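As you go down the protein sequences, you meet chains V and S in turn. So the first sequence is numbered by the numbering used here: it starts at 1 and just counts up by one. So the second sequence is numbered by the numbering used here: it starts at 144 and just counts up by one. Idealized CB from N, CA, C, for every residue including glycine. Quantities reported herein were computed from a predicted structural model and do not represent experimental measurements.
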Amino acid sequence: MIEIVLGLLLLAGAVIVVMGAGDTLGLSNIDFFPLLGYGGTAFILALGILLIAAGLSRRAMKRHHARRHTLRSARLTTAALLLVACLTAGLLLASEPFNLLRVDGLPLGYYLAAQGGLIGLVILAFVWAARQNRIDLEGGDHE
Amino acid sequence: MSDVLAGPEGAVADAPVSEGSGSLILAGISTAGIAAPAVLLLSLPGLVFVAGFDHLAYGLGLLAGVVLAGLLIAPRMRRAGGATITDALFRRFGRATAILAAIVIVFVVLPMLAVEFTFIGLLAETGLGLPLIVALGGAFVLSAAGATLLTDRAFRWLSVLAYLLLAASLLVPLVLLALKAHGLGVPHFAVPETLTSIATLEEKLVENGLVDFDTFSVHAKPFARLTGLDLFALLVSVVLGVAVLPHLTATLAAGTRRSAIRLSGAWTALFVMLLLLTVPALAAYAKLAIYNAVADGTPLASLPAWLEAPLKAGVAHVHGTSLAMLDAVAKAVGAGVEDPSAIADRLALHAFDLEERWRALAPETQEAVAAAARAITAGQVTAWEAYVSTVLPAAATAAGNEAATLSQAALVIEPAGLLLALPALSGVPGVGAVLFIAGLLVAAIVAVVAQVRGLMTIANIDTDVSRKGRPLLVSILVLAVVALAAGTAMLRPHDLVEIIVASLSLAAAGLFPVLALGLAWRRATAAGAVLAILVGAGVTLYYDIGIQVAPAAFYRTWAPLSNASESAIEEFDALETEASEGESDEAKATALASLETLARGTATRAGLANWLGIDSASGGVFGLPLGLAVLVLVSLLTSRRRARDAQP
Numbered sequence: 001m002i003e004i005v006l007g008l009l010l011l012a013g014a015v016i017v018v019m020g021a022g023d024t025l026g027l028s029n030i031d032f033f034p035l036l037g038y039g040g041t042a043f044i045l046a047l048g049i050l051l052i053a054a055g056l057s058r059r060a061m062k063r064h065h066a067r068r069h070t071l072r073s074a075r076l077t078t079a080a081l082l083l084v085a086c087l088t089a090g091l092l093l094a095s096e097p098f099n100l101l102r103v104d105g106l107p108l109g110y111y112l113a114a115q116g117g118l119i120g121l122v123i124l125a126f127v128w129a130a131r132q133n134r135i136d137l138e139g140g141d142h143e
Numbered sequence: 144m145s146d147v148l149a150g151p152e153g154a155v156a157d158a159p160v161s162e163g164s165g166s167l168i169l170a171g172i173s174t175a176g177i178a179a180p181a182v183l184l185l186s187l188p189g190l191v192f193v194a195g196f197d198h199l200a201y202g203l204g205l206l207a208g209v210v211l212a213g214l215l216i217a218p219r220m221r222r223a224g225g226a227t228i229t230d231a232l233f234r235r236f237g238r239a240t241a242i243l244a245a246i247v248i249v250f251v252v253l254p255m256l257a258v259e260f261t262f263i264g265l266l267a268e269t270g271l272g273l274p275l276i277v278a279l280g281g282a283f284v285l286s287a288a289g290a291t292l293l294t295d296r297a298f299r300w301l302s303v304l305a306y307l308l309l310a311a312s313l314l315v316p317l318v319l320l321a322l323k324a325h326g327l328g329v330p331h332f333a334v335p336e337t338l339t340s341i342a343t344l345e346e347k348l349v350e351n352g353l354v355d356f357d358t359f360s361v362h363a364k365p366f367a368r369l370t371g372l373d374l375f376a377l378l379v380s381v382v383l384g385v386a387v388l389p390h391l392t393a394t395l396a397a398g399t400r401r402s403a404i405r406l407s408g409a410w411t412a413l414f415v416m417l418l419l420l421t422v423p424a425l426a427a428y429a430k431l432a433i434y435n436a437v438a439d440g441t442p443l444a445s446l447p448a449w450l451e452a453p454l455k456a457g458v459a460h461v462h463g464t465s466l467a468m469l470d471a472v473a474k475a476v477g478a479g480v481e482d483p484s485a486i487a488d489r490l491a492l493h494a495f496d497l498e499e500r501w502r503a504l505a506p507e508t509q510e511a512v513a514a515a516a517r518a519i520t521a522g523q524v525t526a527w528e529a530y531v532s533t534v535l536p537a538a539a540t541a542a543g544n545e546a547a548t549l550s551q552a553a554l555v556i557e558p559a560g561l562l563l564a565l566p567a568l569s570g571v572p573g574v575g576a577v578l579f580i581a582g583l584l585v586a587a588i589v590a591v592v593a594q595v596r597g598l599m600t601i602a603n604i605d606t607d608v609s610r611k612g613r614p615l616l617v618s619i620l621v622l623a624v625v626a627l628a629a630g631t632a633m634l635r636p637h638d639l640v641e642i643i644v645a646s647l648s649l650a651a652a653g654l655f656p657v658l659a660l661g662l663a664w665r666r667a668t669a670a671g672a673v674l675a676i677l678v679g680a681g682v683t684l685y686y687d688i689g690i691q692v693a694p695a696a697f698y699r700t701w702a703p704l705s706n707a708s709e710s711a712i713e714e715f716d717a718l719e720t721e722a723s724e725g726e727s728d729e730a731k732a733t734a735l736a737s738l739e740t741l742a743r744g745t746a747t748r749a750g751l752a753n754w755l756g757i758d759s760a761s762g763g764v765f766g767l768p769l770g771l772a773v774l775v776l777v778s779l780l781t782s783r784r785r786a787r788d789a790q791p
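Shown next, in the form of structure tokens:
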């Protein structure tokens, strides 16, 4: 339930940012949009939608015990696919903010694309496999 | 251990498959050895060498694809009851979907095989001195034999060997280059220093005017070569294309339990990662060595010896010339052809890109190449001497390189070219270089065998553990496809990586929606699956072939979607007027030809024919969402109708 509320708040926040925070809240001269930009606003929007989806799926799992296994698998798959997207497209397309940091003289964005992303993907693969196998075992899906 | 290695034939249905980590690790190594097309994997250092940061997308995408194949696609195929893509689709959706998927698979694998054979020909011709026809014939016989005669178990051990050879061919040059640059140490971790040195050298090259800004990009800088959109489209093609590669998914789905399939998928990803970790380091050290040679102002007259192998293979060019070109011109001159345009026609028979490059040369350079060719034919000098003493000075003068030094602007190294330069660049002695090439050849042939074996199993549908009784007709058809691929390699196609990406793009758009969503979603219907494959693959093929074959017509149809600049559009309109109202037929034909070139684009200039500026090879980024949408919409429509019909 708390996830749904938080998600709705984030959605409302994103809408307010787009409409111009100053006007909506009655505070003049405050506009968050230039600070966040399109990317930041989209990120808040996506986070809100994800939180709502997570809350809804948790509620559905409580109500429909028969579909618990399917719902848990779908949740895991969605989360894993999102992480894969972050570790590939996310790392490469959003490397510039990371590049502001330097590790041992190496721009962090370059390091993440060259090495960090690869290591992250492999860790994700092992965690994904272990979790899905546990879900199958607990769900009585013994093949 | 034997259970995993034996695959479905050896695994008795009731017996629990061993899930010990030893067997899973071994399965991971063997699958990692054949996971990616060898051309793509071995081109990675060269790709990163050329464009730095932007081309890291290839390696990252490849690994993400392997992860998705092992954890998303293969378990879903197994759950549907199939060990191959077509079998899984047949069990879930029926015959029409399976047949359509098989057709898409042939269109995906055929160009990949042609590229693999081209690569094998390149290695054998330049590294071992074999004639092309012998190399390709031998590769065809070996891959046919490997695909039909080897047991699954024997092939898995062969894949382990291929993995070790790939690892050695990347690691040995890396360690040697790192030793030269920094002394002892773990090369992967000395990269920050190397990148700093590269950045210093880059500044020096720019200051001294040794770079050509059309081809030069700062190594660690993002979006120097590709826009964000291009990078995204490339990633979609590579990640989702690798995820549904027929041979990779079939190898992973051969296990009998989904839990074991997932774990072996994760181990495969680990071993692929170990190969990929060497790539950025290798590219950086090679760049350091080559930029050092450039920054030192090396005169063209003492051209470094490591350029000989790539120049001989025609995958490196100095001012647009190569030893491969000189060699081909020498053959033409030897046959009594003298006129430059007649020579161009002869070169077109040898390899398409040679003709283009020859026509792009200044007349004085063409004359110098012909003179060098005559000297070689007369037996007065070796090809290398003639190239360095006659061709290069003329080419440098024509390009305005007065000092005749090796500059970044003068030197173009293609991805395969860097690979061929590696042994000499890292100081491997002659025998070592031959071993290096031989190792690459074995790994490449094993990769071909893996693809052919994958192709052989696509007709196995509706039969349980059916591999033993493969119909003879299927084997003959598959071998005909392989022969066609080997025949295509005789024409020496170029842009090998782009062809692989186009294939992966087609696989992503045509197969990923039905395999990722169709197999898992209960309401997906056969009609939805068939239309999803047709639309996804159709749009992707249309985009690629439309731009390659009829770029001007493609641009006229889709002008509002093109990202062409205003000046390019004006140029296009002017040429169009010229083509229809030109003074002579000859002028019209010339204008028409430049119109097509302008619309298609060249290596250094993007064409007008595109949607939103996406490269023709990455059309999967359009086909994939359309395929997914069609699958969902048509399935919802047809399943509702079926539910209504079922009611009394």
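Close Cβ partners of S:LEU369 (< 6 Å) along its chain, the five nearest in sequence each way excluded: Residue numbering aside, residue 369 of chain S sits at position 226 when the second sequence is read from its first letter. Excluding sequence neighbours, S:LEU369 sits near ASP197.
Pairwise C-alpha distance: S:GLU499 and S:SER484: Against the second sequence, residue 484 of chain S aligns to sequence position 341. Against the second sequence, residue 499 of chain S aligns to sequence position 356. Those two C-alpha atoms are separated by around 11 Å.
Run of the beta strand (DSSP E) containing S:HIS807, from where it starts to where it stops: What is shown of chain S runs 144 to 791, which leaves residue 807 of chain S out entirely.
Per-residue burial, S:THR720 [other beta carbons within 10 Å of its own, 16 or more giving buried]: If you number the second sequence from 1, residue 720 of chain S lands on position 577. With fewer than 16 other Cβ atoms within 10 Å, it is exposed.
6 Å CB neighbourhood of S:SER402 in its chain, flanking five on each side removed: Here the question's residue 402 of chain S lines up with position 259 in the second sequence. Excluding positions up to five away in sequence, the list is empty.
Where the stretch 80-99 of chain V meets chain S: residues whose CB sits under 8 Å from a CB there: ALA80, LEU81, VAL84, LEU87, THR88, ALA89, LEU91, LEU92, LEU93, SER95, GLU96 and ASN99
Any C-beta of chain S under 8 Å from that of V:GLY117: If you number the first sequence from 1, residue 117 of chain V lands on position 117. By this cut-off, V:GLY117 is an interface position.
Chain S contact residues for V:TYR110, given Cβ-Cβ distances below 7 Å: Counted from its first residue, the first sequence places residue 110 of chain V at position 110. What V:TYR110 touches in chain S: PHE196 and ALA363.
Test item: CB-CB of S:ALA538 and S:THR508 under 8 Å: In the second sequence, residue 538 of chain S corresponds to position 395, counting from 1. In the second sequence, residue 508 of chain S corresponds to position 365, counting from 1. Yes, these two residues count as a Cβ contact at 8 Å.
Beta-carbon spacing of S:GLY213, S:THR411 below 8 Å: In the second sequence, counting from the first residue as 1, residue 213 of chain S sits at position 70. In the second sequence, counting from the first residue as 1, residue 411 of chain S sits at position 268. Yes.
Nearest neighbour of S:VAL422, chosen from V:LEU137, V:ALA113 and V:ILE123 [CA to CA]: In the second sequence, the residue the question calls residue 422 of chain S occupies position 279. The candidate whose alpha carbon is nearest that of S:VAL422 is V:ALA113.
Segments of 4+ residues assigned as alpha helix (DSSP H) that fall wholly inside the stretch 466-496 of chain S: 466-477 and 483-493
Interface residues of chain S facing V:ALA66 [CB-CB closer than 9 Å]: For this step, residue 66 of chain V is matched to residue 66 along the first sequence. Under the 9 Å cutoff, chain S gives no residues; its nearest Cβ is about 14 Å from V:ALA66.
With 16 other Cβ atoms within 10 Å as the buried cut-off, status of S:SER829: Residue 829 of chain S is absent from the model: chain S starts at 144 and stops at 791.
Alpha-carbon to alpha-carbon, S:HIS390 and S:ARG596: In the second sequence, residue 596 of chain S corresponds to position 453, counting from 1. In the second sequence, residue 390 of chain S corresponds to position 247, counting from 1. Rounded to the nearest angstrom, the two C-alpha atoms are 7 Å apart.
Chain-ordered chain S contacts of V:PHE43 [CB-CB under 9 Å]: For the purposes of this step, residue 43 of chain V is taken as residue 43 along the first sequence, with counting starting at 1. What V:PHE43 touches in chain S: nothing, since even the nearest Cβ is about 16 Å away.
Contact under 8 Å by Cβ, S:ALA629 with S:TRP449: Against the second sequence, residue 629 of chain S aligns to sequence position 486. Against the second sequence, residue 449 of chain S aligns to sequence position 306. The answer is no: Cβ separation not under 8 Å.
C-beta atoms of S:PHE192 and S:LYS455 nearer than 8 Å: The residue you call residue 192 of chain S lines up with position 49 of the second sequence. The residue you call residue 455 of chain S lines up with position 312 of the second sequence. No, the pair does not count as a contact, with Cβ atoms beyond the cut-off.
Sheet register partners of S:PRO442 (DSSP bridge): The sequence position of residue 442 of chain S within the second sequence is 299, counting from 1. In DSSP, S:PRO442 forms a bridge with S:THR548.
Chain S within 8 Å of V:ALA129, Cβ atoms only: Position 129 of the first sequence, counted from the first residue, corresponds to residue 129 of chain V. For V:ALA129, the answer is yes, since a Cβ of chain S falls inside 8 Å of its Cβ.
is_contact[V:VAL5, chain S] using C-beta, thresh 8 Å: Translated into positions along the first sequence, residue 5 of chain V becomes position 5. V:VAL5 does not count as touching chain S.
Residue environment, S:VAL608, which counts as buried when at least 16 other CB atoms sit within 10 Å: One-based indexing of the second sequence puts residue 608 of chain S at position 465. Here the model assigns S:VAL608 a pLDDT of 48, short of 50, so the residue's position is not dependable, and the following value carries that caveat. So S:VAL608 ends up on the exposed side.
Extent of the continuous beta strand (DSSP E) run through S:VAL555: As a first step, residue 555 of chain S must be located in the second sequence, where it is residue number 412. That run of the beta strand (DSSP E) goes 554-556.
Neighbour list for S:LEU214 in chain V, Cβ cutoff strictly below 8 Å: As a first step, residue 214 of chain S must be located in the second sequence, where it is residue number 71. The contacting residues are ALA80, ALA125, TRP128, ALA129 and GLN132.
Sub-8 Å separation of S:ALA659 and S:LEU215 beta-carbons: What you label residue 659 of chain S is simply residue 516 of the second sequence in a count that begins at 1. What you label residue 215 of chain S is simply residue 72 of the second sequence in a count that begins at 1. Yes; because the gap between Cβ atoms is below 8 Å, this pair is in contact.
Beta-carbon separation (whole angstroms), S:ILE690 vs S:ARG743, contact threshold 8 Å: Position 547 of the second sequence holds residue 690 of chain S. Position 600 of the second sequence holds residue 743 of chain S. S:ILE690 to S:ARG743, Cβ: 7 Å. Contact.
Residues that DSSP places opposite S:GLY744 in a beta bridge: Locating residue 744 of chain S in the second sequence gives position 601, where the first residue counts as 1. Its beta-bridge partners are S:ALA749.
Extent of the continuous alpha helix (DSSP H) run through S:LYS323: Here residue 323 of chain S refers to the residue found at position 180 of the second sequence. Element bounds for S:LYS323: 295-325.
Contact set between the stretch 234-246 of chain S and chain B, restricted to residues whose Cβ is under 8 Å from the partner: Included in the structure are the protein chains V and S, with no chain B among them.
Any 3 or more C-beta pairs closer than 8 Å across the stretch 266-281 of chain S and the stretch 645-656 of chain S: no
S:GLU528 versus S:LEU443 - alpha carbon distance: Indexing the second sequence from 1 puts residue 528 of chain S at position 385. Indexing the second sequence from 1 puts residue 443 of chain S at position 300. Roughly 12 Å separates the two Cα atoms.
Chain V contacts from the stretch 410-422 of chain S (Cβ-Cβ distance under 7 Å): ALA412, LEU413, MET416, LEU419 and LEU420
Interface flag, S:VAL608 vs chain V, CB-CB below 8 Å: Position 465 of the second sequence, counted from the start, is the residue given in the question as residue 608 of chain S. Low confidence applies here, because S:VAL608 scores a pLDDT of 48, under 50, leaving its location unreliable; read the following figure in that light. So no, S:VAL608 is outside the interface.
Closer than 8 Å at the beta carbon, the chain V residues around S:ALA207: For the purposes of this step, residue 207 of chain S is taken as residue 64 along the second sequence, with counting starting at 1. Within chain V, the residues near S:ALA207 are VAL84, LEU87, THR88 and LEU121.
Where V:LEU9 meets chain S, residues with beta-carbon distance less than 9 Å: The residue you call residue 9 of chain V lines up with position 9 of the first sequence. The contacting residues do not exist; V:LEU9 stays about 30 Å from chain S at best.
Chain V within 8 Å of S:ALA632, Cβ atoms only: The residue labelled residue 632 of chain S in the question sits at position 489 within the second sequence. No - not a single Cβ of chain V is within 8 Å of the one on S:ALA632.
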